[in-house]
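Mind the numbering: the sequence shown is residues 0 to 796 in numbering that gives the first Met the number 0, read in order. Read the structure below first, then the notes.
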Amino acid sequence: MSIDTFMAVTRLFGAKVKRREDPRFLTGRGRYTHNLSLPGMVYACFVRSPHAHAKIVGVDVSAAEKSSGVLGVFTGAELADKLGPIPCAWQIPNSDIKVPRYMPLAVDKARFVGDPVAVVVATSYAEALDAASLVKVEYEKLPAVTNPEEAVKPGAPQLYDDVPNNTAFVWRASGGDVEKAFDGADVVVSQRLVNSRLQPTPMETRAVLADYNPTTDEATVYLTSQNPHVHRLLLSLVTGHPEHKLRVVSYDVGGGFGAKIHLYSPEVVLLHLAKTLKKPVKWMETRMENFTATIHGRDHIQYVDLAADRTGLVLGLRVKSYANMGAYLSTAAPGIPTILFGPVLSGPYRIPAISVEVVGALTNTAPVDAYRGAGRPEATYILERMIDILSRRLGKDPAEVRLKNFIKKEMFPYSAMPIGLVYDSGDYEKAFMKALELSRYSEWRKKQEEMRAKGKLIGIGISSYIEICGLGPSSVARATGFGLGLWESTIIRVHPTGKVSVYIGGHPHGQGEETTFAQIVADRLQIPIEDVEILHGDTAMIPFGMGTYGSRTTPVAGASVAIGCDRILEKARKIAAHLLEAGEKDIEYVAGKFYVREMPEKSKSFAEVAYAAYGAGANELPQGLEPGLETTVFFDPPNFTFPFGTHICITEVDPETGKVKVLEYYAVDDCGNRINPMIVEGQIHGGIAQGLAQALYEEASYDSDGQLLTSNLTEYLVPTAMEIPRIETAETVTPSPVNPLGVKGIGEAGTIASTPAVVNSVLDALAHLGLLHIDMPLKPEKIHTALRQSNPRSKTF
0 MSIDTFMAVT
10 RLFGAKVKRR
20 EDPRFLTGRG
30 RYTHNLSLPG
40 MVYACFVRSP
50 HAHAKIVGVD
60 VSAAEKSSGV
70 LGVFTGAELA
80 DKLGPIPCAW
90 QIPNSDIKVP
100 RYMPLAVDKA
110 RFVGDPVAVV
120 VATSYAEALD
130 AASLVKVEYE
140 KLPAVTNPEE
150 AVKPGAPQLY
160 DDVPNNTAFV
170 WRASGGDVEK
180 AFDGADVVVS
190 QRLVNSRLQP
200 TPMETRAVLA
210 DYNPTTDEAT
220 VYLTSQNPHV
230 HRLLLSLVTG
240 HPEHKLRVVS
250 YDVGGGFGAK
260 IHLYSPEVVL
270 LHLAKTLKKP
280 VKWMETRMEN
290 FTATIHGRDH
300 IQYVDLAADR
310 TGLVLGLRVK
320 SYANMGAYLS
330 TAAPGIPTIL
340 FGPVLSGPYR
350 IPAISVEVVG
360 ALTNTAPVDA
370 YRGAGRPEAT
380 YILERMIDIL
390 SRRLGKDPAE
400 VRLKNFIKKE
410 MFPYSAMPIG
420 LVYDSGDYEK
430 AFMKALELSR
440 YSEWRKKQEE
450 MRAKGKLIGI
460 GISSYIEICG
470 LGPSSVARAT
480 GFGLGLWEST
490 IIRVHPTGKV
500 SVYIGGHPHG
510 QGEETTFAQI
520 VADRLQIPIE
530 DVEILHGDTA
540 MIPFGMGTYG
550 SRTTPVAGAS
560 VAIGCDRILE
570 KARKIAAHLL
580 EAGEKDIEYV
590 AGKFYVREMP
600 EKSKSFAEVA
610 YAAYGAGANE
620 LPQGLEPGLE
630 TTVFFDPPNF
640 TFPFGTHICI
650 TEVDPETGKV
660 KVLEYYAVDD
670 CGNRINPMIV
680 EGQIHGGIAQ
690 GLAQALYEEA
700 SYDSDGQLLT
710 SNLTEYLVPT
720 AMEIPRIETA
730 ETVTPSPVNP
740 LGVKGIGEAG
750 TIASTPAVVN
760 SVLDALAHLG
770 LLHIDMPLKP
780 EKIHTALRQS
790 NPRSKTF
């Protein structure tokens, strides 16, 4: 059998293999931190500030200390000299950044509702909860500020004495002659856009279980993490516990969406408590704590100007953004509204001149950091809304304007404004035309006119996007102020029987990497997928890795797996040549067997070669070749990857109530080669659901005193399956040249594209009534009010 025949019949790369992790989840056998228990385990409960901004005058713990089962009560002042501040790991250069001290427990001030000020430890959770209610904190309430634009104005309430005007940083970037572009433009459209604040709302809230062995000085922290090794490093830095004696374990994680990347107070405090009390200490986040104290996402106020000529050719873009950072700078916070936002403001279009200024504002709200897409959705929303607004001004079809401005496929690699980010590959027009065809765009335009004549409001929204993925490269990460590199590592261990264990530094939490990576290995090594296991989540076992986020795990960690497999085969081929008494160049490898070219009867199976590698007898290994069949790979990509695509959404707006119904949704995405199309589709569907949620339902909101108004699932509306439309997908395939798999990443594409697609669709339905923009979320009452204001005499409105 030839190699070509084998590959055509049995390749796992590109196959719709069922997710191998699903059976344990579907049968209740997932291993979550919430469910872990250790002998002698005790429980922690945090006392949190009910005020958004207040001086802590005093803390009386006497009643709590006397409460049943209480082992200790600890305040911020008590721990201030024992624990360091929680670090901000992305301190962007050339921004005059000011990083306020972020103590694990508030010491002098509480700066947002939910800020932890004390912690109680008791023998049961109920006792800890009861005792926490007995801690009396005397506060001196201060004025609060929650709006980022208002926060940086003179006279606003100040969160920190050493951060004037609450301005944590001002970041600027520009490319091309922006002034000339606007001076020479036939038309300039301007719009204030609000990218609403979101609460990540994973199914599983956060949890921490810390254990300490005083005889060995070894500590183990079980937690819900997207990046266990990074958590271990940060915990070591903050607590002073030696990194080599600290183990972080993150088993199954029930969703993260970015919220489980960062270091929070509980993991720091519980490690200290476990060492102090010499007992395992557990904390389980309530849903209210999750809403009030886990990081939020987005929350930008943006002023945008777009310049074009009369044909619709875009000449320049100008953006000023006020990014709400919350009360503290979280782990990666400064990089999200700057480095992951500004460089992709040109999207898939040729825009010769762009300038952007981002003001990072501290406010009396929960810290804001990475949420699915992290900076890329905000950039895409700006661009796609402004393209639609420009189209309305010119009286042109939004599809026509997009086609006019796309980067052409023959222009790649393309240096994009404002900083010269090099897009590696793409064919944006091909994906766009496929989306128009898939959605029957022309038919819907005709139908839209017919329905309007009958009083129905039908909208067609387009969103074309690119995404920066595959984070590294490390050189770029370090140059932009990130505290670590962004490479990934893999250990591949072939056992003597030929079975394979793969240890990865990333941490899947819904992405299906246990399946995808097993497909890479089984395909590359040409062995049954059942012979491959993927291991992750335990720093005592896995190599150092940066984690799973930013649609980077398969392009970076997956690439390291592929390289490792190639190295394994390279060594195995040497052993096989020795065993078969042939030259290495004469050895073929097909279907798990090494054989001498044109002599298929002389062969050794992959398992036989593996056994020989460990046998290490005189006649089993070539002279000078070390025993074993194992390799460690570090892969640092030479560039980012750039997935792209076009989404089209069809909506109907009820003119009497303002309610939006999504009729149809179409997505054409190009993520390079698809290892498992079924998993890719799942990621696209999930991303679309979250983007649609921001467009129509979700918004975290505070009142003027800094009280969170959306602190439960009654007020914070998360869509169910009933609200998600049927989604029809298609793809184009433009392999990435920056990794050996040709993959680009897909985890966030749906979120990035869907929000502007839905909003553009709704505004398209209302455009003929004079409504050009409504800020998200497009709830019925907001649309109804806008309709009445646009036509106050209409009985319908």
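Cβ atoms here follow ideal geometry from the backbone N, Cα and C, with glycine treated the same way.
For T223 and F641, I'd like the C-alpha separation in whole angstroms.
As a position in the sequence shown, residue 223 is number 224, starting the count at 1. As a position in the sequence shown, residue 641 is number 642, starting the count at 1. If I take the Cα positions, the gap works out to 29 Å.
Identity of the residue in T275, S390 and G372 nearest G311 by Cα
For the purposes of this step, residue 311 is taken as the residue at position 312 of the sequence shown. Looking at the Cα atoms, S390 is the closest of the given residues.
Please confirm if the region 159–177 is in contact with the region 353–362, defined as three or more CB-CB distances below 8 Å between the two stretches.
Under the three-pair Cβ rule at 8 Å, the region 159–177 counts as touching the region 353–362.
Determine the extent of the beta strand (DSSP E) in which P599 is found, giving its start and end residues.
By 1-based counting over the sequence shown, the position of residue 599 is 600. Element bounds for P599: M598 to S604.
Output yes or no for whether 8 Å exceeds the beta carbon distance between T733 and A666.
Within the sequence shown, numbered from 1, the residue matching residue 733 stands at position 734. Within the sequence shown, numbered from 1, the residue matching residue 666 stands at position 667. No, Cβ-Cβ distance for T733 and A666 is not below 8 Å.
Given that a residue counts as buried once 16 or more other Cβ atoms are within 10 Å of its Cβ, and exposed if not, what is Q622?
Along the sequence shown, one-based indexing puts residue 622 at 623. Classification of Q622: exposed, given that the 10 Å Cβ count is below 16.
Span separating the alpha-carbon of Y664 from that of V116
Locating residue 664 in the sequence shown gives position 665, counting from the first residue. Locating residue 116 in the sequence shown gives position 117, counting from the first residue. Between Y664 and V116, the C-alpha separation is close to 46 Å.
Under 6 Å Cβ to Cβ from D387, same chain only, skipping five residues before and after it: list those, please.
Here the question's residue 387 lines up with position 388 in the sequence shown. Cβ neighbours of D387 beyond the five flanking positions: P397 and N759.
In chain order, what are the residue ranges of uninterrupted beta strand (DSSP E) at least 3 long that sit wholly in the region 365–427?
413–415 and 420–422, all fully within the region 365–427.
Can you tell me where the beta strand (DSSP E) with I586 in it begins and where it stops?
Taking the first residue of the sequence shown as 1, we reach residue 586 at position 587. From DSSP, the beta strand (DSSP E) with I586 extends over I586 to V589.
Assuming the contact rule is C-beta atoms closer than 8 Å, I647 and G460 should be a hit. Round their C-beta distance to whole Å, please.
Counting from 1 along the sequence shown, the entry for residue 647 is found at position 648. Counting from 1 along the sequence shown, the entry for residue 460 is found at position 461. Rounded to whole angstroms, the Cβ separation of I647 and G460 is 7 Å, and the two are in contact under 8 Å.
Relative to the C-alpha of V98, which candidate in D160, V501, V41 and E629 has its C-alpha closest?
As a working mapping, residue 98 is identified with position 99 in the sequence shown. The residue with the shortest Cα to Cα distance from V98 is D160.
Inter-residue CB distance, G705 and T364 (contact presumed, cutoff 8 Å)
As a first step, residue 705 is located in the sequence shown; it is residue number 706 there, counting from the start. As a first step, residue 364 is located in the sequence shown; it is residue number 365 there, counting from the start. About 7 Å separates the two Cβ atoms, so the contact holds.
By the three-class DSSP mapping on this structure, what secondary structure does W486 have?
Sequence index remark: in the sequence shown, residue 486 carries index 487 (1-based). Three-state result, W486: coil.
Neighbourhood of A7 by C-beta, 8 Å cutoff - its chain only, sequence neighbours within 5 removed:
Position 8 of the sequence shown holds residue 7. Any reading at A7 must be qualified, since the residue scores a pLDDT of 40, below 50, and its modelled position is unreliable; no value is offered.
Member of L662, R231 and S249 whose CA lies at the smallest distance from the CA of P241:
Translated into the one-based positions of the sequence shown, residue 241 becomes position 242. P241 has its Cα closest to that of R231, out of L662, R231 and S249.
Please list, in chain order, all residues of the same chain as R349 whose beta carbon is under 7 Å from its beta carbon, the five residues on each side excluded.
In the sequence shown, counting from the first residue as 1, residue 349 sits at position 350. Closer than 7 Å at the Cβ level, and outside the excluded window around R349, lie N404 and I406.
Between the beta-carbon of P542 and the beta-carbon of T489, is there less than 8 Å?
As a first step, residue 542 is located in the sequence shown; it is residue number 543 there, counting from the start. As a first step, residue 489 is located in the sequence shown; it is residue number 490 there, counting from the start. Yes, these two residues count as a Cβ contact at 8 Å.
With H, G and I counted as helix, E and B as strand and the rest as coil, what does DSSP make of I533?
Taking the sequence shown and counting its residues from 1, the one referred to as residue 533 is at position 534. In this structure, DSSP gives I533 an extended state, which the three-state scheme calls strand.
Check whether the Cβ atoms of R196 and N323 lie closer than 8 Å to each other.
For the purposes of this step, residue 196 is taken as residue 197 along the sequence shown, with counting starting at 1. For the purposes of this step, residue 323 is taken as residue 324 along the sequence shown, with counting starting at 1. Going by C-beta atoms, R196 is nearer than 8 Å to N323.
Using 8 Å as the threshold, is the C-beta distance between M545 and E487 below it?
The residue given as residue 545 occupies position 546 in the sequence shown. The residue given as residue 487 occupies position 488 in the sequence shown. Their beta carbons are under 8 Å apart, which means M545 touches E487 by this criterion.
Minimum C-alpha distance to G685 - residue among G341, S473 and G255
Residue 685 sits at position 686 when you count from the first residue of the sequence shown. Comparing Cα positions, the closest option is G255.
Would you kindly report the start and end of the unbroken beta strand (DSSP E) that includes D668?
For this step, residue 668 is matched to residue 669 along the sequence shown. Under the DSSP assignment, D668 falls in the beta strand (DSSP E) whose first and last residues are V659 to D669.
Contacting residues, own chain, Cβ-Cβ under 8 Å from V421 (five flanking each side not counted)
Position 422 of the sequence shown, counting from 1, holds the residue named residue 421. Excluding the 5 residues flanking it on each side, V421 has same chain C-beta neighbours closer than 8 Å at P412, Y413, S414, A415 and N638, in chain order.
How big is the Cα-Cα spacing for S66 and K274?
If you number the sequence shown from 1, residue 66 lands on position 67. If you number the sequence shown from 1, residue 274 lands on position 275. It is roughly 22 Å from the alpha-carbon of S66 to the alpha-carbon of K274.
Just to check my reading of the structure: I745 and I683 have Cβ atoms closer than 8 Å, yes? What is that Cβ distance to the nearest angstrom?
As a first step, residue 745 must be located in the sequence shown, where it is residue number 746. As a first step, residue 683 must be located in the sequence shown, where it is residue number 684. With 8 Å as the limit, I745 and I683 qualify as a contact, their Cβ atoms being about 7 Å apart.
Give the C-beta separation of S123 and G71 to the nearest angstrom, bearing in mind that I take them to be a contact with Cβ-Cβ under 8 Å.
What you label residue 123 is simply residue 124 of the sequence shown in a count that begins at 1. What you label residue 71 is simply residue 72 of the sequence shown in a count that begins at 1. A Cβ-Cβ distance of about 14 Å is found for the pair S123 and G71, leaving them out of contact under the 8 Å criterion.
Taking just the CA atoms, how far does L716 sit from L708?
What you label residue 708 is simply residue 709 of the sequence shown in a count that begins at 1. What you label residue 716 is simply residue 717 of the sequence shown in a count that begins at 1. Distance between the alpha carbons of L708 and L716 is about 12 Å.
Please specify which runs of the beta strand (DSSP E), each continuous and at least 3 residues long, are wholly inside the region 156–185, giving them in chain order.
Complete beta strand (DSSP E) runs here, min 3: 166–174.
Within the same chain, show all residues whose beta-carbon is closer than 6 Å to that of V207, passing over the 5 residues directly before and after it, in chain order.
Counting from 1 along the sequence shown, the entry for residue 207 is found at position 208. Correct list, in chain order: L222, P265, E266, L269 and W282.
My output table needs one value for D210: the three-state DSSP class, helix, strand or coil.
Within the sequence shown, residue 210 is the residue found at index 211, counting from 1. Note: D210 maps to strand in three-state DSSP.
Applying the 10 Å Cβ sphere with the 16-neighbour rule, what's the burial state of L305?
Along the sequence shown, read from residue 1 onward, the residue named residue 305 stands at position 306. Classification for L305: buried.
Let me make sure I understand the geometry here. Which of E399, N675, S424 and K445 has the alpha-carbon closest to that of G557?
Position 558 of the sequence shown, counted from the start, is the residue given in the question as residue 557. Closest option to G557, Cα to Cα, is N675.
Within the same chain, show all residues whose beta-carbon is closer than 6 Å to that of F796, passing over the 5 residues directly before and after it, in chain order.
Here residue 796 is taken as the residue at index 797 of the sequence shown, counted from 1. For F796, the pLDDT reaches just 44, beneath the cut-off of 50, and the residue's location in the model is therefore unreliable, leaving the point undetermined.
Assigned secondary structure, C564 (DSSP; H/G/I helix, E/B strand, else coil):
Here residue 564 refers to the residue found at position 565 of the sequence shown. Reduced to three states, the DSSP call for C564 is helix.
From K135, A764, L133 and A127, pick the residue whose C-alpha is nearest to that of G454; which is it?
The residue labelled residue 454 in the question sits at position 455 within the sequence shown. When only C-alpha atoms are compared, the closest one is A764.
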